[in-house]
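J.:
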Amino acid sequence: MRLRALLDTDALGLRLLGGEDELDRTVRGVMTTDLKDPSRYLSGGELVLTGLAWRHGAADSEPFVRILAAAGVAALAAGEAELGDIPEDLVLACVRHRLPLFAVHESVAFATITEHVVRQVSGERAGDLAAVVDRHRRMMTSGPAGGGPDVVLDLLGTDLDLRAWVLSPTGRPIAGSKLAGAALPADVSTKLAAEHLAAARTGRRGPHRVLLGTTTYSLFPIRSSGRSAAASRDVRETVLSDWLLAVEADAGDWPAERLDLLQGVTQLIAVERDRRDAARTVRRRLAQEVLELVQTGAAPAEIAARLRVAAPVLLPGLGAAPHWQVVVARVEWDGGEVEGGPVAQSLLEEILVDPLTSGPEHSDRIAVAHTGEEAIALVPLPAVSAEHDGSESGILADSLLEAVRDTLSAGLNDDGRLTLGVSAAVHSAEGLRGALEEARHARRVAAARPGRVCAAGHQELASHVLLLPFVPDDVRRAFTARLLDPLRDYDRRHRAELIPTLEAFLDCDGSWTRCATRLHLHVNTLRYRVGRIEQLTGRDLSRLEDKLDFFLALRMS
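Heads up, the sequence shown is in this note's numbering, so the first residue is 1085 and it goes up one at a time.
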């Protein structure tokens, strides 16, 4: 399609700011980005959509436009939602590099433009899948009754005789075509997901071809069309949350046009994925509000009021507020340059789905927040759990990761780690603070174990962890003084910062490299400080029991 055709479509809300002489350029694709340097994702001919989050000052426009022009993009479209009017420095930079520039009205979503361009480009390249894309567009835009991802997969089956499935990053089936018949066997879907994650971590571009037995599958990544995913600086930020399209066919035999068309189909499915993610915003906000109240010591009545708001959202039709469990997760990458909190949040929203269910909506009963490197899930339990003591009902840590351990290990590769802790069920707002601490303690137990993916439950906590909060204050003070006073005295005399070092060492789960990086120390200096802590206290920080005692003492001091 030509750039000129975009201006003729009123629904796209595009306004030409420069490059009138270049409107006969051909658009071969579309990309959304807010990276300062998106060159590695560009192949030429794209309409680039940006929300201008990369621009911190006038000097940023020239290098950004120069990169786009060098990559051969067709045009740039800048959204007005963030800054209002498009900055003059960006307009001038586009004029200098002869790059057509459009303004996108704040009322128009980038997904709308993406869908339009994909549909038009696909229609011009070939007639067969153009019909699929167009029919799917009409059904998708008609609302939830359109059927979501299942619709486009059915059309792939009926129009192109392709058996295809949409899978989550753990291999859970999201959708499948009727032509595909029964769902993929669980072992096949998890193997496909693992192969996809492994290929993505090595930087291989899709589709990835996988031979299982005598059947060849082609795996196409389904990446979010929203700005946050497109602007990712590191594959580790999204690899554990992207869906994939598994097609029972060898894409290596396909012409380039067919590959491009299937990529267009993944972009259409991504629109539905973004719709699902947008629907999670309310649940995430509920979780964040409740957890902030819990962590700041709000009155139980205030917490209970927020839970009453959350309960009907998470479990529609439930007569009374349910009981709750808390699950804490951390995803940590070597070096610490990739934020783990959002990754852990997406993973919890996936892992906590019942593995026997399918479809995109079942995780809508789980509220997950993230703060820093930690993700925290509030999991509602039906009121029938009141008949139990809470110790065996709900989520069990030992089975939580059983079906996804190998798959996630492929995505974590050799530089990532996932650890989870699960609390017991609690029956009131007063119990949430204890449940949160219990889940955090359990996660630290999991972190002390070998392996890339580990979980622990409240049953595995040592008795002193559970009983210490009920010990009289004078005994608690004696416990913390015995462990921490020698370190405080040494710090006062020598300004050695042993207490901050101990806190950081425990927070990094005993990782010498991560702790040294956080404290900006040489590893040998860190080892000297930890050795001094052990000498002064008579404890051994390689032992889990001593780590837990130090952690509790720090929290109670």
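All residues carry an ideal CB built from backbone N, CA and C; glycine is no exception. In this text, all values refer to a predicted model and were calculated from it rather than measured experimentally.
Which residues in the same chain as Arg1099 place their Cβ atom closer than 6 Å to its Cβ, once the five residues preceding and following it in sequence are excluded?
T.: Against the sequence shown, residue 1099 aligns to sequence position 15. Excluding residues within five positions, the ones whose Cβ falls inside 6 Å are Ala1187.
J.: Shortest alpha-carbon distance to Val1201 belongs to which of Asp1558, Val1114, Leu1398, Val1374?
T.: Numbered from 1 along the sequence shown, position 117 holds the residue referred to as residue 1201. Of Asp1558, Val1114, Leu1398, Val1374, the residue nearest in Cα terms is Val1114.
J.: In three-state terms, what does DSSP make of Thr1299?
T.: On the sequence shown, residue 1299 is found 215 positions in, with the first residue counted as 1. If DSSP states are grouped into helix, strand and coil, Thr1299 belongs with the strands.
J.: So for Glu1130, helix, strand or coil by DSSP?
T.: For the purposes of this step, residue 1130 is taken as the residue at position 46 of the sequence shown. Looking at Glu1130 - three-state DSSP - the assignment turns out to be strand.
J.: Cutting at 7 Å between CB atoms, please list the residues of its own chain near Leu1091, excluding the five before and the five after it.
T.: Taking the first residue of the sequence shown as 1, we reach residue 1091 at position 7. Answer for Leu1091: Leu1098, Leu1100, listed in chain order.
J.: Tell me, to the nearest whole angstrom, how far the beta carbon of Ala1588 is from that of Arg1602; I am working on the premise that it is less than 8 Å.
T.: Stepping through the sequence shown from its first residue, residue 1588 is reached at position 504. Stepping through the sequence shown from its first residue, residue 1602 is reached at position 518. The pair is a contact, with the Cβ atoms about 5 Å apart (cut-off 8 Å).
J.: Looking at the unbroken alpha helix (DSSP H) that takes in Pro1584, where does it start and where does it end?
T.: Reading the sequence shown from its first residue, position 500 is the one you call residue 1584. Residues 1582-1591.
J.: Thinking C-alpha only, which one of Val1437, His1606, Leu1586 is nearest Ala1487?
T.: Here residue 1487 corresponds to residue number 403 of the sequence shown, with the count starting at 1. The option with the nearest alpha carbon to Ala1487 is Val1437.
J.: I need the straight-line Cα distance from Gln1347 to Gly1456, nearest angstrom please.
T.: Here residue 1347 refers to the residue found at position 263 of the sequence shown. Here residue 1456 refers to the residue found at position 372 of the sequence shown. Rounded to whole angstroms, Gln1347 to Gly1456 spans 34 Å at the Cα level.
J.: Leaving out five residues before and five after Ser1261 in sequence, what residues of the same chain have Cβ atoms less than 7 Å from its Cβ?
T.: By 1-based counting over the sequence shown, the position of residue 1261 is 177. The answer, listed in chain order, is Leu1237, Asp1238, Leu1240, Gly1241, Arg1247, Ala1248.
J.: Using a Cβ-Cβ cut-off of 6 Å (strictly less than) and excluding sequence neighbours within five positions of Leu1484, which residues of its own chain qualify?
T.: Against the sequence shown, residue 1484 aligns to sequence position 400. Cβ within range, chain order: Ala1539.
J.: Taking the C-alpha atoms as reference points, what is the distance between Arg1561 and Pro1384?
T.: In the sequence shown, residue 1561 corresponds to position 477, counting from 1. In the sequence shown, residue 1384 corresponds to position 300, counting from 1. Approximately 26 Å between the Cα atoms of the pair.
J.: Could you spell out the range, first to last residue, of the alpha helix (DSSP H) harbouring Arg1180?
T.: Position 96 of the sequence shown, counted from the start, is the residue given in the question as residue 1180. 1172-1180 is the extent of the alpha helix (DSSP H) around Arg1180.
J.: Leaving aside the five residues before and after Thr1254 along the sequence, list all residues of the same chain whose C-beta is less than 8 Å from its C-beta, in chain order.
T.: What you label residue 1254 is simply residue 170 of the sequence shown in a count that begins at 1. Taken in chain order, the residues that qualify are Thr1274, Ala1277, Glu1434, Ile1435, Ala1487, Val1488, Thr1491, Leu1492.
J.: Among Arg1285, Glu1190, Leu1391, which one has its Cα closest to the Cα of His1511?
T.: Here the question's residue 1511 lines up with position 427 in the sequence shown. Of the listed residues, the one whose Cα sits closest to His1511 is Leu1391.
J.: By a C-beta neighbour count over all protein chains shown, 10 Å radius and 16 as the cutoff for buried, is Ala1333 buried or exposed?
T.: As a working note, residue 1333 is residue 249 in the sequence shown. Buried, because 16 or more other Cβ atoms sit within 10 Å of the Cβ of Ala1333.
J.: Using alpha carbons as the reference points, say which of Leu1628, Ala1195, Val1529, Thr1564 lies closest to Glu1356.
T.: Position 272 of the sequence shown, counted from the first residue, corresponds to residue 1356. When each option's Cα is compared against that of Glu1356, the closest is Ala1195.
J.: Compute the Euclidean distance between the alpha carbons of Arg1139 and Val1422, then round it to the nearest angstrom.
T.: By one-based count along the sequence shown, residue 1139 stands at place 55. By one-based count along the sequence shown, residue 1422 stands at place 338. Those two C-alpha atoms are separated by around 21 Å.
J.: Is the segment 1292-1307 close to the segment 1503-1522, with three or more CB pairs under 8 Å?
T.: no
J.: Considering Val1422, what are the terminal residues of the beta strand (DSSP E) in which it resides?
T.: In the sequence shown, residue 1422 corresponds to position 338, counting from 1. Per DSSP, Val1422 belongs to no beta strand (DSSP E) and is neither H nor E.
J.: Could you tell me the alpha carbon to alpha carbon distance between Leu1465 and Ser1507, rounded to whole angstroms?
T.: Residue 1465 sits at position 381 when you count from the first residue of the sequence shown. Residue 1507 sits at position 423 when you count from the first residue of the sequence shown. Answer to the nearest angstrom: the Cα atoms are 13 Å apart.
J.: If I follow the unbroken beta strand (DSSP E) through His1542, where does it start and stop?
T.: By 1-based counting over the sequence shown, the position of residue 1542 is 458. That residue, His1542, is in no beta strand (DSSP E); it is neither H nor E in DSSP.
J.: For Gly1141, list the residues DSSP reports as bridge partners.
T.: For the purposes of this step, residue 1141 is identified with residue 57 of the sequence shown, where counting begins at 1. According to DSSP, Gly1141 bridges with nothing at all.
J.: Do three or more CB pairs link the segment 1616-1623 to the segment 1569-1579 at distances below 8 Å?
T.: yes
J.: Have a look at the DSSP bridge pairing and note the partners of Trp1408.
T.: Sequence index remark: in the sequence shown, residue 1408 carries index 324 (1-based). The partner list for Trp1408 (beta bridge, DSSP) reads Pro1464, Val1510.
J.: From the DSSP secondary-structure annotation, give me the bridge partner or partners of His1292.
T.: Mapped onto the sequence shown, residue 1292 falls at position 208. Answer is Leu1303.
J.: Straight-line CA distance for Ala1389 to Arg1368?
T.: For the purposes of this step, residue 1389 is identified with residue 305 of the sequence shown, where counting begins at 1. For the purposes of this step, residue 1368 is identified with residue 284 of the sequence shown, where counting begins at 1. The alpha-carbon atoms of Ala1389 and Arg1368 are separated by roughly 17 Å.
J.: If we count the other Cβ atoms within 10 Å of its Cβ and call it buried at 16 or more, is Ser1626 buried or exposed?
T.: Looking up residue 1626 in the sequence shown gives position 542. Under a 10 Å Cβ-count criterion, Ser1626 is classified as exposed, with fewer than 16 other Cβ atoms of the shown protein chains found around its own Cβ.
J.: Alpha carbons only, please: which of Gly1163, Phe1563, Glu1279, Glu1199 is nearest the one belonging to Leu1496?
T.: Within the sequence shown, residue 1496 is the residue found at index 412, counting from 1. The shortest Cα separation from Leu1496 among Gly1163, Phe1563, Glu1279, Glu1199 belongs to Glu1279.
J.: In chain order, what residues of the same chain have a beta carbon less than 7 Å from the beta carbon of Ala1530, not counting five sequence neighbours either side?
T.: Here residue 1530 refers to the residue found at position 446 of the sequence shown. Here the set comprises Thr1503, Leu1504, Gly1505, Cys1538, Ala1539, Ala1540.
J.: How about Ala1282 and Ala1494: do their beta carbons lie closer than 8 Å?
T.: For the purposes of this step, residue 1282 is identified with residue 198 of the sequence shown, where counting begins at 1. For the purposes of this step, residue 1494 is identified with residue 410 of the sequence shown, where counting begins at 1. For Ala1282 and Ala1494, yes; Cβs fall inside 8 Å.
J.: Apart from the five residues on each side of it in sequence, which residues of its chain come closer than 8 Å, Cβ to Cβ, to Asp1108?
T.: Here residue 1108 is taken as the residue at index 24 of the sequence shown, counted from 1. So the list reads Arg1086, Leu1087, Arg1088, once near-sequence residues are dropped.
J.: For the alpha helix (DSSP H) that contains Met1640, what are its first and last residues?
T.: As a working mapping, residue 1640 is identified with position 556 in the sequence shown. Run containing Met1640: 1628-1640, per the alpha helix (DSSP H) assignment.
J.: Which residues mark the beginning and the end of the beta strand (DSSP E) in which Pro1257 is found?
T.: Here residue 1257 refers to the residue found at position 173 of the sequence shown. Residues 1257-1260.
J.: Any idea which residues DSSP pairs Trp1249 with across the strands?
T.: Taking the first residue of the sequence shown as position 1, residue 1249 is located at position 165. Answer by DSSP bridge pairing, in chain order: Gly1260, Ala1330.
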